[in-house]
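Novice:
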Amino acid sequence: MKILISADMEGATGVTWPADVLPGTPQWERCRSMFTSDVNAAALGFYDGGADEVLVNEAHWSMRNLLLEHMDERVQMLTGKHKSLSMVEGIQHGDVDAVAFVGYHTGAGTEGVLAHTYLANSITGVWLNGVRASEGLLNAHVAAEYGVPVVLVTGDDLTCVDAEGYAPDARKVAVKDYVSRYAAVCRTPARTASDIRAAAKAATALAGRRDPVTGCAFTVALEFDAEHLAAAATVVPGVAPSGERRVEYTSATMYEGIRTFKAVTTIVSAAVEEQYG
23 MKILISADME
33 GATGVTWPAD
43 VLPGTPQWER
53 CRSMFTSDVN
63 AAALGFYDGG
73 ADEVLVNEAH
83 WSMRNLLLEH
93 MDERVQMLTG
103 KHKSLSMVEG
113 IQHGDVDAVA
123 FVGYHTGAGT
133 EGVLAHTYLA
143 NSITGVWLNG
153 VRASEGLLNA
163 HVAAEYGVPV
173 VLVTGDDLTC
183 VDAEGYAPDA
193 RKVAVKDYVS
203 RYAAVCRTPA
213 RTASDIRAAA
223 KAATALAGRR
233 DPVTGCAFTV
243 ALEFDAEHLA
253 AAATVVPGVA
263 PSGERRVEYT
273 SATMYEGIRT
283 FKAVTTIVSA
293 AVEEQYG
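Pasting the structure below:
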């Protein structure tokens, strides 16, 4: 049994503030250990439940945040940027039996600690087939296309609520409770590690490949906080204006959909001016 852990940082234990997740800052350095604790706890729980292999895919910012030297020796980690499927890289090879979303968060334009979708700002909303989409929802559809169930989600309490919409059977662990975008009531790392490990052990029973979900087109709509960003996004083939500060595109598969989404966010981030956005 092989489990993939997609590890993001905004939803990690103790994280509430941009500097907590911005590589190179003192607060990021401090929070890396708590992030690593969450991910390692999930891995240990999956091993407790009978998993043979756990692959951790770093999914935050530089994708070089976790402390490999503090992980269980059985863990393997995929670290670094420029991966075909970004946050769920590794799911496409046919050998993953389940995926866990650890350290996840809510989507752009919604309540939640450090809520966003791919870009920390600039994007004010994302919709998938008319449903407001978090990174969790987008990645869950990619996983479903490969027949891989989402069995565990960790983050703030609202992330767990969000996950009910795309992975109702998955185990959920809230490591903190939302107060505002930059404030939360946080549990200690000792407590969250225990909670995550127990949930991952239980989640192992949900692992097992499903029939791939295919034959459904995906329309993705994005809204930006400035009109020039919407214009920049239309450089990507297939992406067209759909309203004020909005664009959309349709893909035959979610594999194509998430890759186009990544292209759009890359182009848009390059078009952001330092002061005016």
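Residue numbers (our numbering): 23 to 299.
Quick reminder that beta carbons are idealized off the backbone N, C-alpha and C, glycines included.
What you are looking at is a predicted structure, and each value in this text was computed from that prediction instead of being measured.
1) Jot down the residue ranges of each uninterrupted beta strand (DSSP E) in the stretch 135-205, minimum 3 residues, whole runs only, in chain order.
2) Among the residues of its own chain, which have a CB less than 8 Å from the CB of residue 228, if the five just before and after it don't count?
3) Need the endpoints of the beta strand (DSSP E) that residue 122 sits in, please.
4) Quick check on the DSSP output: the alpha helix (DSSP H) that includes residue 66 runs from which residue to which?
5) Since residue 195 contacts residue 201 with CB under 8 Å, what's their CB separation in whole angstroms?
6) Quick check on the burial criterion: 16 or more other C-beta atoms within 10 angstroms. Buried or exposed for residue 197?
7) Output the distance between the C-alpha atoms of residue 181 and residue 254, rounded to the nearest integer angstrom.
8) Exposed or buried, which one is residue 66 when buried takes at least 16 other CB atoms within 10 Å?
9) Using a threshold of 8 Å, state whether the C-beta atoms of residue 89 and residue 55 are closer than that.
10) Along the chain, where does the beta strand (DSSP E) that runs through residue 263 open and close?
11) In angstroms with no decimal places, state the Cα-to-Cα distance between residue 25 and residue 231.
12) Contact between the stretch 157-168 and the stretch 62-76 is defined here as three or more beta-carbon pairs at a separation below 8 Å; is this criterion met?
13) Specify the secondary structure class of residue 254 as computed by DSSP and reduced to three states.
14) Give the DSSP-derived three-state secondary structure of residue 291 in the structure shown.
15) Counting only the same chain and skipping the five closest in sequence on each side, list residues whose C-beta sits under 7 Å from that of residue 275.
16) What residue does the beta strand (DSSP E) around residue 29 start on, and which one ends it?
Specialist: With the given structure in hand:
1) 145-150, 172-178, 193-202
2) 120, 171, 173, 191, 192, 193
3) 120-124
4) 48-70
5) At roughly 18 Å, the Cβ-Cβ gap does not stay under 8 Å, so residue 195 and residue 201 are not in contact.
6) buried
7) For residue 181 and residue 254, the distance between alpha carbons rounds to 30 Å.
8) Taking every protein chain shown into account, the CB of residue 66 has 16 or more other CB atoms within 10 angstroms, so this residue is buried.
9) Yes, the Cβ-Cβ distance between residue 89 and residue 55 is below 8 Å.
10) 262-265
11) 11 Å
12) no
13) helix
14) helix
15) 167
16) Residues 24-29.
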